[in-house]
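Residue numbers (the numbering used here): 28 to 285.
We put the CB at the ideal spot given by N, CA and C, even for glycine.
None of the values given here were measured: they were computed from a predicted structure.
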């Protein structure tokens with residue numbers, strides 16, 4: 028059966044690793060409605076695919092893993108508060124019991140940071156950059172509530188409040204990234220890691236993943252629910268519309284703080 032979102036998100040199994048690729052390189056793999064739908068379909072396919080032991084999520088091209096949400100589409104649709112199932116968030120909006128790896132091949136900003144954050148492991152190219160840029164466009168990042176569990180809280184605070192990027196080496200230093208490799212070796216490194224995991228006993232691997240998340244599971248869910256409450260007025264503010272509109276119109280945003 029043909030996947031109607033094959034063009035936006037591709038799915039390929041290589042020796043036990045399901046490569047899920049965001050395929051909008053001309054738009055820096057920004058998340059639009061087609062990407063969202065394609066990701067949901069790819070996750071469903073991975074969950075039911077007995078040949079796929081590990082998912083590797085990556086972006087097409089050399090410049091971007093994912094530059095975040097498509098601000099032009101947001102401006103056109105006047106997106107306010109995203110619904111709970113706006114994007115497949117592993118472990119929250121979709122269950123993914125098998126291991127996942129983000130192969131970050133370039134910038135991972137905003138929603139792209141989210142996609143890397145929600146994977147179990149991260150392998151990054153040397154040219155990768157990570158940023159939570161929502162503060163720069165007046166949008167919200169409640170999805171980043173688990174970030175202080177992954178990296179030191181003061182580093183998380185700086186990322187969130189400045190919106191400034193960090194490079195791959197810094198991301199590895201603070202624990203956000205497992206491995207940093209030359210860009211030309213990224214696919215090989217991610218595939219090799221996936222195969223090492225896939226060769227192990229699947230019940231042991233699944234239990235290992237579940238145990239690690241169980242250590243913070245209640246805190247994560249409470250934090251995410253509270254983060255939704257905190258960020259709701261931000262999403263519904265005039266500034267949340269101004270940021271994407273200014274981006275579309277190629278001008279500096281005029282913040283009103285309301």
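With three or more CB-CB distances shorter than 8 Å, the stretch 32-47 counts as touching the stretch 60-73. A residue is called buried once 16 or more other Cβ atoms fall within 10 Å of its Cβ, and residue 68 is buried on that count. Within the stretch 111-196, the complete beta strand (DSSP E) runs of at least 3 residues fall at 127-131, 134-136, 148-152, 156-158. Per DSSP, the continuous beta strand (DSSP E) segment holding residue 84 begins and ends at 81-86.
Contact between residue 198 and residue 204 holds, since their C-beta atoms are separated by about 4 Å, short of 8 Å.
In the DSSP assignment, residue 38 forms a beta bridge with 47.
Straight across, the Cα-Cα distance linking residue 34 with residue 56 is about 12 Å. Residue 144 and residue 136 have their C-alpha atoms roughly 11 Å apart. For residue 273, the enclosing alpha helix (DSSP H) starts and ends at 265-276. Here residue 156 is buried. Its C-beta has 16 or more other C-beta atoms within 10 Å.
Ranking 140, 175, 266, 47 by CA distance to the CA of residue 160 puts 140 first.
By the Cβ rule, the stretch 170-185 does not count as touching the stretch 223-236, because fewer than three pairs are nearer than 8 Å. With a beta-carbon spacing of about 7 Å, residue 165 and residue 280 fall inside the 8 Å limit used to define contacts.
Residue pairing by DSSP puts residue 206 in a beta bridge opposite 150.
Residues of the same chain with a CB within less than 6 Å of the CB of residue 78, apart from the 5 flanking positions on each side, are 40 in chain order. In the DSSP assignment, residue 225 falls within the alpha helix (DSSP H) that extends over 213-225. Counting along the chain, residue 91 sits inside the beta strand (DSSP E) bounded by residues 91-93.
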